[in-house]
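K.L.:
Sharing a structure below in structure tokens format, with a few things to ask.
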Amino acid sequence: MAVAPDGTLVLNFELLRGPQLSSEVVETQRLKALESVREREKALRVGRRPLRLEGLRVVLVDDGLASGYTMLAAIRYAYNLKASKVYVAVPTASPEALWKVVEEVEKVYCPNVRSSLLGFAVADAYQNWYDLEDEEALRWLRRVWKA
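Quick note: the sequence shown uses our numbering, first residue 38, plus one each step.
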């Protein structure tokens with residue numbers, strides 16, 4: 038499950054076919070995820086005005102696409118905010134994730150498409166991988182905002 042700040046929901050129906058989850062359970066999880074996304078957006082935007090994408094070309098960038106569901110939520114969110122065109126740029130992705138994403142955007146830039154019998158992990162494409170903490174992300178954002 039992936040949720041955007043406006044409530045846009047993208048479900049992984051393959052996972053949902055396993056143990057039968059009631060619509061109430063899915064909705065409870067959606068609301069928890071939505072609350073988390075909104076809190077994180079508030080923390081990382083630090084009082085900046087709401088996104089205005091109407092009529093703009095938007096490039097969504099991520100460190101890689103494993104399943105593609107979070108990128109799908111971001112793409113749909115950008116279109117819900119009336120972006121005229123959406124592009125995706127990632128350094129690495131699984132073929133399955135690319136197939137999901139490519140149908141919803143103008144163009145996808147991904148120089149490293151890889152798969153594995155053991156499953157795909159974005160971290161496998163990097164020599165030095167670590168999860169970016171919100172504080173570090175905020176430091177980078179502040180540098181960009183000053184430029």
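The C-beta atom is built at its ideal place from N, Cα and C for all residues, glycine as well.
The structure presented is a predicted model; accordingly, all values stated were derived computationally and were not measured.
Which residue's Cα is closest to the Cα of K144: R85, R77, V98?
P.N.:
When each option's Cα is compared against that of K144, the closest is V98.
K.L.:
Which runs of the beta strand (DSSP E), 3 residues or longer, sit entirely within the segment 114-165?
P.N.:
Runs of the beta strand (DSSP E) inside the segment 114-165: 122-126, 144-146.
K.L.:
Can you tell me which residues form a DSSP beta bridge with L46?
P.N.:
Its beta-bridge partners are V40.
K.L.:
Hey, V159 and D100: beta-carbon distance below 9 Å or not?
P.N.:
For V159 and D100, yes; Cβs fall inside 9 Å.
K.L.:
Measure from the alpha carbon of S153 to the alpha carbon of each residue in W166, S121, S131, R75, then state which is nearest.
P.N.:
That would be S131, whose Cα lies nearest to the Cα of S153.
K.L.:
Where does L178 fall in DSSP's three states?
P.N.:
In the structure shown, L178 sits in a helix (DSSP, three-state: H, G or I).
K.L.:
Who are the Cβ neighbours of A111 in its own chain at under 6 Å, not counting the five residues just before and after it?
P.N.:
L97, listed in sequence order.
K.L.:
By the 10 Å Cβ neighbour count, where 16 or more other Cβ atoms means buried, how is K198 classified, buried or exposed?
P.N.:
Residue 198 cannot be examined here, being either before or after the span of the chain that is shown, 38 to 184.
K.L.:
Whose CA, out of R94, T107, V40, lies closest to the CA of V120?
P.N.:
The question names Val, yet the displayed sequence has Ala at residue 120. Taking only the C-alpha atoms, the option nearest A120 is R94.
K.L.:
Under 8 Å: do the segment 66-83 and the segment 100-109 share three or more Cβ pairs, one atom per stretch?
P.N.:
No, the segment 66-83 does not touch the segment 100-109.
K.L.:
According to DSSP, simplified to helix, strand and coil, what is V63?
P.N.:
DSSP places V63 in helix when its eight states are reduced to three.
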